[in-house]
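Asker:
Residue numbers (this note's numbering): -1 to 313.
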C-alpha cells in the first residue's frame, strides 16, 4: 500500500550512511541517479546536499513510487525527492495536499512566505516552488516544489533549522536546475495556487466541469467548505466562479489521495471517483452532491448516510 509521502519523509529523516545504490528502478552514474520508469535524472549533489539513498515505497509496481534522499554534511539540511504516479496527476492538487500535511504536522504557524513558478530541467515555467516559515514553533524552514511529467508527479521537500533558509533554497534550486527529463515534452506548465472561499450561488454560474479540471492549477479553485474527520481537516474544492453544484474535489493526503465528485451529464446525480490508496471498486453514483458530514463519513470508511443521499453502484 502506498504510504503518505509526508509520513515516509519522517521515516527517512535519520541520516543515512550508505551512498545511493542501484535498484530495480534506479541506476547510478558518477554525478546522477536515474529513475528509469519515470525517465527522470537527479543530481548526486546540489548546494550543500549530497544524495545518500534511493529506493521504492510501493507494492504497486516498479517505479510507481520512488524516492531519493539528500542530506548536508552537518546533517542539518535534509531533502527528499518523490517521483510517483498518482491516479490523478495534478501539481495544484499535490501542492495543496502537501501544504495541509505540513500544517497539520508542524502547526498552524506554518505559512507560505513565497510561491513562484520556475524552471526545472532546463524548461521554464514547469515547477511550482513554495517556501514556508514558522514550522515547529518557528524552529524550521521548509521548501517544496512540484513538477508534472506525463503521468508522474515530482515532489521535492527540503527542511532545515530556521537559520539555514539560504541553504534550503540553494538545495531546492540546485536540484531543480540539475534534474533532467528523458522526454521534456511531457512536462506540463505549472501555475500559482490560490484558494479563496467560494462566492455565493447568486454570484456564480453553473457548469459541467471537464474531467481534466483543475489542469495543474490553470483553473482557479475555491473552497466550498471544510470536512473534519477527527483532528484532520480536508478542503472541499470547486472551480471558482461556478455554482455550488459544480464538480467537487477533496484531496485526502499528500500522496495523490483524492475524492472527485463529477456531475453526470444527464442530471441524474454525481459520480464519485476515488484516487490513491483507496482507489478501486465499482464507481458510485449519488443523487445529490454529498455535504461535508457525508464526505467525512466516506473518508472515515463509513460511506454517505443513505437517509440523506441514496448511493448506488454504477453498472
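Note that CB positions come from ideal geometry on N, CA and C, so glycine has one too. Because the structure is a prediction, the values reported are computed rather than measured.
1. Roughly how far, in whole angstroms, is the beta-carbon of residue 151 from the beta-carbon of residue 92, given that I think they are within contact range, below 8 angstroms?
2. Can you pull the DSSP bridge partners for residue 109?
3. My parser needs the beta strand (DSSP E) runs of 3 or more residues fully inside the stretch 210 to 285; what are they?
4. Grab me the residues of residue 191's own chain with a C-beta within less than 6 angstroms of its C-beta, minus the 5 sequence neighbours each way, in chain order.
5. Within 10 Å of its beta-carbon, does residue 315 have 16 or more other beta-carbons around it, so buried, or fewer, so exposed?
6. So what does residue 138 bridge to, in DSSP terms?
7. Determine the closest residue to residue 112 out of 104, 140, 95 and 87, with distance taken between C-alpha atoms.
8. Does the Cβ-Cβ distance between residue 255 and residue 273 come in under 8 angstroms?
9. Under 6 angstroms Cβ to Cβ from residue 200, same chain only, skipping five residues before and after it: list those, please.
10. What separation, rounded to the nearest whole angstrom, lies between the Cα atoms of residue 202 and residue 220?
11. Out of 158, 265 and 183, state which residue places its alpha-carbon closest to the alpha-carbon of residue 134.
12. Please go through the same chain and pick out, in chain order, the residues whose beta-carbon is closer than 6 angstroms to the beta-carbon of residue 172, but skip the five residues on each side of it.
13. From the DSSP secondary-structure annotation, give me the bridge partner or partners of residue 150.
14. Using DSSP with H/G/I as helix, E/B as strand and the rest coil, what is residue 300?
15. Please return the same chain residues whose Cβ sits closer than 6 angstroms to the Cβ of residue 187, not counting the five positions on each side in sequence.
16. Tell me, please, which residues DSSP counts as bridged to residue 115.
17. Note down, one range per segment and in chain order, each alpha helix (DSSP H) of at least 4 residues found wholly within the stretch 47 to 97.
18. Between residue 26 and chain C, is there a C-beta pair that is closer than 8 angstroms?
19. Apart from the five residues on each side of it in sequence, which residues of its chain come closer than 8 angstroms, Cβ to Cβ, to residue 297?
20. So residue 77 packs on residue 156, CB below 8 angstroms; how close in whole Å?
Answerer: For this structure:
1. Your numbering for residue 151 matches position 153 in the chain shown. Your numbering for residue 92 matches position 94 in the chain shown. Approximately 5 angstroms separates the beta-carbon atoms of residue 151 and residue 92; this is inside 8 angstroms, confirming the contact.
2. Along the chain shown, one-based indexing puts residue 109 at 111. Bridge partners of residue 109 according to DSSP: 131.
3. Taking only runs of at least 3 residues, the beta strand (DSSP E) segments lying wholly in the stretch 210 to 285 are 219 to 227, 230 to 237, 246 to 249, 256 to 261, 268 to 273 and 282 to 284.
4. Reading the chain shown from its first residue, position 193 is the one you call residue 191. Counting only Cβ-Cβ distances below 6 angstroms, and skipping sequence neighbours, we find 90, 93 and 215.
5. Missing from the structure shown is residue 315; the chain here goes from -1 to 313 and no further.
6. For the purposes of this step, residue 138 is taken as the residue at position 140 of the chain shown. Paired residue(s): 133 and 159.
7. Counting from 1 along the chain shown, the entry for residue 112 is found at position 114. Among 104, 140, 95 and 87, the Cα nearest to that of residue 112 is on 140.
8. Indexing the chain shown from 1 puts residue 255 at position 257. Indexing the chain shown from 1 puts residue 273 at position 275. Between residue 255 and residue 273, the C-beta spacing is below 8 angstroms.
9. Taking the first residue of the chain shown as 1, we reach residue 200 at position 202. Interpretation of residue 200 is limited by its pLDDT of 42, a score under 50 that renders its predicted location unreliable; no figure is taken from the coordinates.
10. If you number the chain shown from 1, residue 202 lands on position 204. If you number the chain shown from 1, residue 220 lands on position 222. Note that residue 202 scores 49 on pLDDT, short of 50, meaning its location in the model is unreliable and no value can be drawn from it.
11. Counting from one through the chain shown, the residue named residue 134 turns up at place 136. With respect to the C-alpha of residue 134, the residue from 158, 265 and 183 having the closest C-alpha is 158.
12. Here residue 172 corresponds to residue number 174 of the chain shown, with the count starting at 1. Hits under 6 angstroms: 44 and 45.
13. Stepping through the chain shown from its first residue, residue 150 is reached at position 152. For residue 150, which the question treats as bridged, DSSP gives the partners 147.
14. Numbered from 1 along the chain shown, position 302 holds the residue referred to as residue 300. Collapsing the DSSP output to three states places residue 300 in coil.
15. For this step, residue 187 is matched to residue 189 along the chain shown. Cβ within range, chain order: 123.
16. Within the chain shown, the letter at position 117 stands for residue 115. For residue 115, the pairing in a beta bridge is given by DSSP as 126.
17. Whole alpha helix (DSSP H) segments, 4+ residues: zero.
18. Among the chains in the structure shown there is no chain C, since it carries only a single protein chain.
19. As a first step, residue 297 must be located in the chain shown, where it is residue number 299. For residue 297, the CB contacts under 8 angstroms within the same chain, skipping 5 residues up- and downstream, are 225, 227, 232, 248, 250 and 257 in chain order.
20. Counting from 1 along the chain shown, the entry for residue 77 is found at position 79. Counting from 1 along the chain shown, the entry for residue 156 is found at position 158. That pair is a contact at about 4 angstroms.
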